[in-house]
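In UniProt numbering, the protein residues as written are 1 to 451. Don't be surprised by glycine CBs; every beta carbon is placed ideally from N, CA and C.
Shown next, in the form of structure tokens:
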């Protein structure tokens, strides 16, 4: 990447990205010691979508909202409070034990609520598969990055939203006039627009912001001296207007949710997970007045019916059956935890989880086409076997599987059926100049949201 005038090589120490595995591989190959963090917004969005899928069998109303609220609070605890991996494991097991106990009750509604919670926690367990993976989306990774950079944790970016917003601003406000018919402009057009429009506008905006800040600071401070030739009497002690009060820090303001020091961004995230289409309880202000520090202290009044009390033997057997595989919940300390090794293990774990999801989707499609379950059983991973057996596991996608080069696949529908430089016949013909291929229209961008 080059060096600066002092000869120091460009070597970033921390990077925040979404789940684009190719991008993460590229960064770690160029900078092996870089510390990678996952975008908080993409992580939360994936959890919200998984929670919506898990709560699908539950009817809308108070019962579904109770489960949604409890799991949303637990997810927020994982993101912003727990900074020790063993504590995260313990909190997860405690939460799963709660829903397992709820699922073991006799009432049908309680069984459904317990099953919905277990299904979501099974999905969430993959984010706790290894300590390196957990650290890249939890607050522990933020604290580690802050120590590396020598800044406060609040100064470490948690999302890529500002960069995506800036990219959308460039494409929408500067390059929209140069995309003729949706086709991408040539590289020299991008450079010309950047040099002649984007960069001058940026420095003009920065100068305006600096001037505005100076003006506001001047208006918020009283004059230091007053004229001594005033005819009006002056009191012996003349009050001097102090500098205007600075806004109170966000951690001292009551949060709209439950009295926690949630930032506005965290409040928006929590509100998005609590929102339930058609449910009148989706507003964030409907939460209880406090969020307890542990899952065991949460309000359980909605399932306090003392109809069944499990014995110690039954509880032990139930806890043994619900505990995830130790391979997935315990950190493996047998391998060096250097940044390069941690990044490699995390990225490969992401690839493994995505491949498992893709395999499950292909198996569901084959089942919908009438392929025997006996034929498919050897290809079903143990991680997905329970979910595949569940009738509520997603919806079967009956759309045909298109090969990558299919004309109807993404990005190729805007091209001609036959490229002009392709010889589709075997008959001899005189040599001719091959015309340039038609300029491609901009394809739909691949979504790199976390699974």
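**Asked** Can residue 29 be considered in contact with the ligand GDP, in the sense that its beta carbon sits closer than 6 angstroms to one or more heavy atoms?
**Response** This structure simply doesn't include the ligand GDP, nor any ligand for that matter.
**Message:** Give me the residue from 125, 96, 162 and 148 with the minimum Cα distance to residue 353.
**Reply:** The closest CA to that of residue 353, considering only 125, 96, 162 and 148, is found on 125.
**Asked** Can we say the stretch 59-66 touches the stretch 117-124, given the rule of at least three CB pairs closer than 8 angstroms?
**Response** Judged by Cβ distances under 8 angstroms, the stretch 59-66 makes no contact with the stretch 117-124, as fewer than three pairs qualify.
**Request:** For residue 264, count neighbouring Cβ atoms within 10 angstroms of its own Cβ and tell me buried if that reaches 16, exposed if not.
**Result:** Residue environment: residue 264 is assigned as exposed (fewer than 16 neighbouring CB atoms within 10 Å of its CB, all protein chains considered).
**Request:** Would you kindly work out how many angstroms separate the C-alpha atoms of residue 311 and residue 112, rounded to a whole number?
**Result:** Low confidence applies to residue 311: its pLDDT is 42, below 50, so where it sits in the model is not reliable enough to give any reading.
**Prompt:** For residue 364, which of helix, strand or coil comes out of DSSP?
**Reply:** Looking at residue 364 - three-state DSSP - the assignment turns out to be helix.
**Other residues of its chain near residue 135: CB distance less than 6 angstroms, five sequence neighbours each side excluded** = Within the same chain, residue 135 has close Cβ partners 141.
**Prompt:** By how many angstroms is the C-alpha of residue 96 removed from the C-alpha of residue 187?
**Reply:** Going from the Cα of residue 187 to the Cα of residue 96 covers about 53 angstroms.
**Prompt:** Between which two residues does the alpha helix (DSSP H) containing residue 17 stretch?
**Reply:** From DSSP, residue 17 is part of no alpha helix (DSSP H) but of the beta strand (DSSP E) over 14-17.
**Prompt:** For residue 489, which of 58, 25 and 79 has the nearest alpha-carbon?
**Reply:** The structure shown does not extend to residue 489, since the chain is modelled only from 1 to 451, so the question has no answer here.
**Message:** Tell me whether the stretch 41-57 and the stretch 86-94 touch, counting them as touching only if at least three CB pairs, one residue from each stretch, are closer than 8 angstroms.
**Reply:** As far as the Cβ criterion goes, the stretch 41-57 does not touch the stretch 86-94, which means the pair count is below three.
**Message:** On the criterion of 16 or more Cβ atoms from any shown chain inside 10 Å, does residue 6 qualify as buried, or is it exposed?
**Reply:** So residue 6 ends up on the exposed side.
**Option in 3, 9 and 24 with minimal Cα separation from residue 349** = Nearest C-alpha to residue 349: 24.
**Request:** Compare the Cα-Cα distances from residue 274 to each of 74, 377 and 103 and report the closest residue.
**Result:** In this structure, 74 is the residue among 74, 377 and 103 with its C-alpha nearest to the C-alpha of residue 274.
**Prompt:** For residue 3, which residues does DSSP report across the bridge?
**Reply:** For residue 3, which the question treats as bridged, DSSP gives the partners 9.
**Request:** Under the assumption that residue 28 contacts residue 355 (Cβ atoms under 8 angstroms), give the Cβ distance between them as a whole number of angstroms.
**Result:** Actually they do not touch by this definition, with Cβ atoms about 19 angstroms apart.
**Continuous beta strand (DSSP E) stretch holding residue 36: start and end** = First-last of the beta strand (DSSP E) with residue 36: 35-38.
**Same chain, Cβ closer than 6 angstroms to residue 156, five either side skipped, listed in chain order** = 142, 145 and 146, listed in sequence order.
**Request:** Please determine if the stretch 171-191 and the stretch 207-221 are in contact, where contact requires at least 3 C-beta pairs separated by less than 8 angstroms.
**Result:** Not touching, per the Cβ criterion.
**the stretch 193-204 in contact with the stretch 167-176 per 3-pair CB rule at 8 angstroms** = In short, these stretches touch, since the Cβ pair count reaches three.
**Prompt:** Skipping 5 residues on each side, what residues in its chain have a beta carbon closer than 6 angstroms to that of residue 3?
**Reply:** So the qualifying residues of the chain are 9.
**Prompt:** Should residue 47 be labelled buried (16 or more other beta-carbon atoms within 10 Å of its own) or exposed?
**Reply:** Of the residues assessed, residue 47 falls on the buried side of the cut-off, its CB having 16 or more other CB atoms within 10 angstroms.
**Asked** Nearest CA to the CA of residue 51: which residue from 35, 59, 163 and 68?
**Response** Of the candidates 35, 59, 163 and 68, the one whose C-alpha sits nearest the C-alpha of residue 51 is 68.
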